[in-house]
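Participant: Taken in sequence, the protein lines are chains A and B. When we follow the numbering used here, the leftmost residue of the first sequence carries the number 1, and every step to the right adds one. When we follow the numbering used here, the leftmost residue of the second sequence carries the number 1, and every step to the right adds one.
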Amino acid sequence: MTVQLVRDDLLPPSDPPPRRHLISIGDLTCEDVTRLLATAGSFERSLEREMKKLPTLRGRTVVNLFFESSTRTSSSFELAAKRLSADVMSVKSSGSSVDKGESLKDTALTLAAYDPDVIVIRHPQIGAPTLVSRVTGAHVVNAGDGKHQHPTQALLDLYTIGQNVGPVEGLHVAIVGDVLHSRVARSNIQALTLMGARVTLVGPPALIPRGIEAMGCEVSTDIAAIGSADVVYVLRMQRERMEAGENYVPSLREYTARWGVTPARLRPGQKVMHPGPMNRGVEIDPAVADSVDALIETQVRAGLVVRMAVLYDLLTHGPVEIKAEATEEVA
Amino acid sequence: MAEILHGKAGNDDLVVRSARVIDPAQGIDELLDVRVDRGVITDIGLNVSPNGHRVVEGRGLVLAPAFVDPHVHLRTPGREDEETIASGTAAAAAGGFCAILAMPNTEPVVDSAAVLGSLIETAREEAEVPVGFLAAITKGQRGEQLSEMAELADAGAAGFSDDGMPVVAPGLMRRALQYHAITGRRVAVHCEEPTLSRSGQMHEGPVSAELGLAGYPSVAESVMVGRDLALAAHEGQAIHLLHLSARESVDELRRAQAAGVRATGEATPHHLVLTDDAVRSLDPNLKMNPPLRGDDDRSALVAGVRDGTISVIATDHAPHAAHEKDVPFEEAPFGVTGLETAFAALNTHLVGPGLLTLPTLLERMSAGPARAYGLEPPRIEKGAPANLVLLDPDAAWRVGEGGFRSRSRNSWLLGETLRGKVRLTVAAGRIAYAA
Chain A
1 MTVQLVRDDL LPPSDPPPRR HLISIGDLTC EDVTRLLATA GSFERSLERE
51 MKKLPTLRGR TVVNLFFESS TRTSSSFELA AKRLSADVMS VKSSGSSVDK
101 GESLKDTALT LAAYDPDVIV IRHPQIGAPT LVSRVTGAHV VNAGDGKHQH
151 PTQALLDLYT IGQNVGPVEG LHVAIVGDVL HSRVARSNIQ ALTLMGARVT
201 LVGPPALIPR GIEAMGCEVS TDIAAIGSAD VVYVLRMQRE RMEAGENYVP
251 SLREYTARWG VTPARLRPGQ KVMHPGPMNR GVEIDPAVAD SVDALIETQV
301 RAGLVVRMAV LYDLLTHGPV EIKAEATEEV A
Chain B
1 MAEILHGKAG NDDLVVRSAR VIDPAQGIDE LLDVRVDRGV ITDIGLNVSP
51 NGHRVVEGRG LVLAPAFVDP HVHLRTPGRE DEETIASGTA AAAAGGFCAI
101 LAMPNTEPVV DSAAVLGSLI ETAREEAEVP VGFLAAITKG QRGEQLSEMA
151 ELADAGAAGF SDDGMPVVAP GLMRRALQYH AITGRRVAVH CEEPTLSRSG
201 QMHEGPVSAE LGLAGYPSVA ESVMVGRDLA LAAHEGQAIH LLHLSARESV
251 DELRRAQAAG VRATGEATPH HLVLTDDAVR SLDPNLKMNP PLRGDDDRSA
301 LVAGVRDGTI SVIATDHAPH AAHEKDVPFE EAPFGVTGLE TAFAALNTHL
351 VGPGLLTLPT LLERMSAGPA RAYGLEPPRI EKGAPANLVL LDPDAAWRVG
401 EGGFRSRSRN SWLLGETLRG KVRLTVAAGR IAYAA
């Protein structure tokens, strides 16, 4: 992982200490991704044992700071930290000082007083993890910031593809739907192109951001473009974005008719992914979601081991050696 | 100039010896001495007698007409925690400015003679350099009803602007152009079509696509530039276009000027130096309206400044409280400070690499802005009031190292090393800053 350099708002210290964060897939090199996915694979094997807990991060503290509702991400980060024996503290925005108008900076400083090793943050605003990384000494993991990035989602998607489809390099992945508002899409475009996949974005014109081809992907407004893809990655159609007057599309009905992923639009054997939560019958036909080619539950399972790998990698700076750990555990 | 600029009066004595004197408007660029007696330039030449005055050694330095910044937010009244007339004009003095114009988007808005009058009164007491106050085009800057422009002009308004907000309705903008003419003051417009800019956080382009920040496309500015130029042409009135950011806007302005429209345009140092690529850091001190745009936009602005299409460089100095900028990028308010860094930023990033000559930069920061608002341009001439800046173009410094005179520190250049220091500012005959 490269060091995330952020311009300090105070006069820059002479030499800021290097810290490792995971704020964007852009922070990672190809080697970083390969190492993380291999680590995740080691953890997956370790989880097949009866005793699932590893002592690796004993004595470390992980704070989960969630300012947006989340089931998958928050639960899997929590479980990942626990499986590695870290102390976990989960803070949700409702019922906390945030309700009383506390600023993100002050919340972060308050939690930093406990000296956490890692702060995992989800926040509706772009730049929130960057701010936390600037004001605390913790490693910061972005669990989703606004429409910007959701790097652990992209890593678990790469892991899922690697385990269920084959090597990512050379695969063709079509990402379908509301790319404009999707942090999942942004992280996945970066991750997939970094690892050598061909990526095609498919959706209504106003929901494909202008200039996104510069990220190294292709763009089409024609759903037929998914035909040649090995993997069809369906994005959630966010109903709240489709309010009257927005006019990204004339109606959800027309969206579904034109861009919904249905059995008729897929070839047998094409794998289907979705980051959840799904709007069945909107962006994805229920028959597709439940088909044998859907990897949606597999993605959720991959989330646990990939997040274990991310925490492990940030705190130990090296490839995992499960065998040694396992010995220690037995001893 | 006297009736619309207000500040402390001065009648200082001074001799600057052996400086490179540059006054582009008068075609002066040579090593000379300049003497100021009781606030007025009395002698320019070689071996000028010091007359017992304080002598400032100017060898290796540049003496030029001091700068004029027609686009400053003094945050007074209402947000004196962010800036006051005293602190903002002290920052201006430190930046080499001998006059500034303050925007009326305060709390309350400067849309009545009463608010304006109290500002002028304070400025006479506190202002380190003369300051003029623009009044709102529309009451409360709400874009519904014209402000009482005639009364405001009589009370000393320096011009009219709803800066921060566009005048959305074309019919109202037309009325403003018609009516303001009776005052003889300028009208200055913030060009933004709100249904196109929407809740845009940065320039719409490849970088916003990648970051996920809502895009504020160039066309949101340029369609309004086109509309306002068309209205100015139709009414035969002068118009000043604030803080242009897009290539298309520069093209529109150039076409209109060629067709005889009396239009002036301004660009800010940050738009002339940075592009949207800088926003990747998600530093809230890179968030401003209009946003930083692409490299072709930046090049077009620089070309516009060079060929004179853009005759005004203005800082759009917009102070914000630290706690308001110390938030995620998306939550942060628009605006950055600029008074104390404008010359150094442009000297470093435009003059240094040869994109602009020093005399052209000096002209666009002084005579250009003065003319755009119908003010007397500062000049180095016998008998003229002393409005002088002494510059060390080669001195390097780190932004923020000595703190700021502004009450706010939301500079887009924090921690950067720049070349070009202001050594002395004389404003309206008074030594306002000396380093």
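A virtual CB, placed ideally from N, CA and C, is assigned to each residue, including glycine.
Compute the Euclidean distance between the alpha carbons of Arg280/B and Ala209/B, then round it to the nearest angstrom.
Facilitator: To locate residue 280/B, count along the second sequence from 1; it is residue 280. To locate residue 209/B, count along the second sequence from 1; it is residue 209. Roughly 11 Å between the two C-alpha positions.
Participant: Distance cutoff 7 Å, beta carbons only. Does Pro385/B sit that close to anything in chain A?
Facilitator: On the second sequence, position 385 is the one that residue 385/B refers to. Taking Cβ atoms only, chain A never reaches closer than 7 Å to Pro385/B, which makes this a no.
Participant: Interface residues of chain B around Ala128/A at Cβ under 7 Å?
Facilitator: Residue mapping note: residue 128/A aligns to position 128 of the first sequence, counting from 1. Contact annotation for Ala128/A against chain B: Pro328 [CB-CB distance below 7 Å, chain order].
Participant: Counting pairs of Cβ atoms below 8 Å between the stretch 317-324 of chain B and the stretch 333-345 of chain B, do you hit three or more?
Facilitator: yes
Participant: Looking at C-beta atoms only, is the number of pairs between the stretch 65-77 of chain B and the stretch 89-103 of chain B that lie closer than 8 Å three or more?
Facilitator: yes
Participant: At a Cβ threshold of 7 Å, is Pro206/B touching chain A?
Facilitator: Residue numbering aside, residue 206/B sits at position 206 when the second sequence is read from its first letter. Among the CB atoms of chain A, one or more fall inside 7 Å of the CB of Pro206/B.
Participant: Quick one: give me the first and last residue of the alpha helix (DSSP H) that Tyr179/B is part of.
Facilitator: On the second sequence, residue 179/B is found 179 positions in, with the first residue counted as 1. Start and end: 170-180.
Participant: Check the Cβ of Glu221/B against every Cβ in chain A and list those closer than 9 Å, keeping chain order.
Facilitator: In the second sequence, the residue the question calls residue 221/B occupies position 221. Neighbours of Glu221/B on chain A: none; closest Cβ ~16 Å, over 9 Å.
Participant: Would you tell me roughly how many angstroms separate the C-alpha atoms of Leu31/B and Gln141/B, rounded to the nearest one?
Facilitator: Here residue 31/B is taken as the residue at index 31 of the second sequence, counted from 1. Here residue 141/B is taken as the residue at index 141 of the second sequence, counted from 1. Leu31/B and Gln141/B have their alpha carbons spaced roughly 48 Å apart.
Participant: Could you tell me the alpha carbon to alpha carbon distance between Thr264/B and Val327/B, rounded to whole angstroms?
Facilitator: Position 264 of the second sequence, counting from 1, holds the residue named residue 264/B. Position 327 of the second sequence, counting from 1, holds the residue named residue 327/B. Using only the alpha carbons, I get a separation of about 36 Å.
Participant: Tell me the rounded alpha-carbon separation between Arg59/B and Asp297/B.
Facilitator: Residue mapping note: residue 59/B aligns to position 59 of the second sequence, counting from 1. Residue mapping note: residue 297/B aligns to position 297 of the second sequence, counting from 1. C-alpha separation (whole angstroms): 38 Å.
Participant: Kindly give me the distance between the Cβ atoms of Val176/A and Val199/A, rounded to whole angstroms, as I take these residues to be in contact under 8 Å.
Facilitator: On the first sequence, position 176 is the one that residue 176/A refers to. On the first sequence, position 199 is the one that residue 199/A refers to. Their Cβ separation, rounded to whole angstroms, is 11 Å, which puts Val176/A and Val199/A out of contact at 8 Å.
Participant: Which ranges would you report for the alpha helix (DSSP H) in the stretch 108-170 of chain A if only whole runs of at least 4 residues count?
Facilitator: For the stretch 108-170 of chain A, whole alpha helix (DSSP H) runs of length 4 or above, ordered along the chain, are 128-135, 151-164.
Participant: Which residues, in chain order, does the stretch 307-324 of chain B contribute to contact with chain A at a C-beta distance below 9 Å?
Facilitator: Legend: CB atoms of the stretch 307-324 of chain B lying less than 9 Å from CB atoms of chain A belong to residues Ala322, His323.
Participant: Which residues mark the beginning and the end of the alpha helix (DSSP H) in which Lys82/A is found?
Facilitator: Translated into positions along the first sequence, residue 82/A becomes position 82. Its alpha helix (DSSP H) spans residues 72-83.
Participant: With a CB to CB cut of under 7 Å and the five nearest residues on each side skipped, what residues in its chain are close to Ala386/B?
Facilitator: Looking up residue 386/B in the second sequence gives position 386. Around Ala386/B: Val36, Gly39, Val40, Ile41, Val426, Gly429.
Participant: Return no unless some Cβ of chain A is closer than 7 Å to the Cβ of Ala188/B.
Facilitator: Position 188 of the second sequence holds residue 188/B. No Cβ of chain A is located within less than 7 Å of the beta carbon of Ala188/B.
Participant: Can you give me the C-alpha to C-alpha distance between Lys271/A and Leu295/A, rounded to a whole angstrom?
Facilitator: Taking the first residue of the first sequence as position 1, residue 271/A is located at position 271. Taking the first residue of the first sequence as position 1, residue 295/A is located at position 295. Their backbone Cα atoms lie some 7 Å apart in a straight line.
Participant: Suppose contacts are defined by Cβ-Cβ distances below 7 Å. Is Ile310/B in contact with Met365/B by that definition?
Facilitator: Reading the second sequence from its first residue, position 310 is the one you call residue 310/B. Reading the second sequence from its first residue, position 365 is the one you call residue 365/B. No. Outside cutoff.
Participant: Of all the residues that make up the stretch 118-149 of chain A, which are near chain B by a beta-carbon distance shorter than 7 Å?
Facilitator: His123, Gln125, Ile126, Gly127, Ala128, Thr130, Leu131, Gly146, Lys147, His148
Participant: Do the stretch 372-388 of chain B and the stretch 297-306 of chain B meet, that is, are 3 or more Cβ pairs less than 8 Å apart?
Facilitator: no
Participant: Contact criterion: CB-CB distance below 7 Å. Does Lys92/A meet it with respect to chain B?
Facilitator: For the purposes of this step, residue 92/A is taken as residue 92 along the first sequence, with counting starting at 1. For Lys92/A, the answer is no, since every Cβ of chain B falls outside 7 Å of its Cβ.
Participant: Using the beta-carbon of each residue, which ones in chain A are nearer than 7 Å to Glu331/B?
Facilitator: Here residue 331/B refers to the residue found at position 331 when the second sequence is read from its first residue. By Cβ distance, chain A contributes Gln125.
Participant: Below 8 Å CB to CB, which residues in the same chain sit around Leu315/A once its five sequence neighbours on both sides are set aside?
Facilitator: Sequence index remark: in the first sequence, residue 315/A carries index 315 (1-based). Once the five neighbours on either side are set aside, the close Cβ partners of Leu315/A are Leu57, Arg60, Asp117, Val118, His139.
Participant: Report all residues from its chain with a CB closer than 7 Å to the CB of Ala437/B; omit the five preceding and five following residues, and keep chain order.
Facilitator: This structure cannot settle anything about residue 437/B, because the visible part of chain B is limited to 1 through 435.
Participant: Taking just the CA atoms, how far does Glu125/B sit from Ala155/B?
Facilitator: As a first step, residue 155/B must be located in the second sequence, where it is residue number 155. As a first step, residue 125/B must be located in the second sequence, where it is residue number 125. When rounded, the distance between both Cα atoms is 17 Å.
Participant: Please return the same chain residues whose Cβ sits closer than 7 Å to the Cβ of Leu10/A, not counting the five positions on each side in sequence.
Facilitator: Sequence index remark: in the first sequence, residue 10/A carries index 10 (1-based). Any reading at Leu10/A must be qualified, since the residue scores a pLDDT of 38, below 50, and its modelled position is unreliable; no value is offered.
Participant: For Glu128/B versus Ala396/B, is the C-beta spacing smaller than 7 Å?
Facilitator: For the purposes of this step, residue 128/B is taken as residue 128 along the second sequence, with counting starting at 1. For the purposes of this step, residue 396/B is taken as residue 396 along the second sequence, with counting starting at 1. No, they are not a contact pair.
Participant: Where does the unbroken alpha helix (DSSP H) through Leu315/A begin, and where does it stop?
Facilitator: Walking along the first sequence from the start, residue 315/A turns up at place 315. Counting along the chain, the alpha helix (DSSP H) containing Leu315/A begins and ends at 296-316.
Participant: Return the residues of the stretch 208-238 of chain B that lie within a Cβ-Cβ distance of less than 9 Å from chain A, sorted by chain order.
Facilitator: Ser208, Ala209, Glu210, Leu211, Gly212, Leu213, Ala214, Gly215, Pro217
Participant: Comparing C-alpha positions only, which one of Arg301/A, Met51/A, Thr152/A, Ala224/A sits nearest to Leu84/A?
Facilitator: As a working note, residue 84/A is residue 84 in the first sequence. Closest by alpha carbon: Met51/A.
Participant: Beta-carbon separation of Arg183/A and Gln149/A under 7 Å?
Facilitator: As a first step, residue 183/A must be located in the first sequence, where it is residue number 183. As a first step, residue 149/A must be located in the first sequence, where it is residue number 149. Closer than 7 Å, so yes.
Participant: Compare the C-beta of Leu282/B against all C-beta atoms of chain A and say whether one is closer than 7 Å.
Facilitator: In the second sequence, residue 282/B corresponds to position 282, counting from 1. It does: the Cβ of Leu282/B has a partner Cβ on chain A nearer than 7 Å.
Participant: Quick check on Met242/A - is its C-beta less than 7 Å from some C-beta in chain B?
Facilitator: On the first sequence, residue 242/A is found 242 positions in, with the first residue counted as 1. Taking Cβ atoms only, chain B never reaches closer than 7 Å to Met242/A, which makes this a no.
Participant: What does DSSP give as the partner residues of Pro65/B in its beta bridges?
Facilitator: Translated into positions along the second sequence, residue 65/B becomes position 65. According to DSSP, Pro65/B bridges with Leu388/B.
Participant: Grab me the residues of Ala80/A's own chain with a C-beta within less than 7 Å of its C-beta, minus the 5 sequence neighbours each way, in chain order.
Facilitator: Taking the first residue of the first sequence as position 1, residue 80/A is located at position 80. Same-chain partners within the cutoff: Leu304, Arg307, Met308, Leu311.
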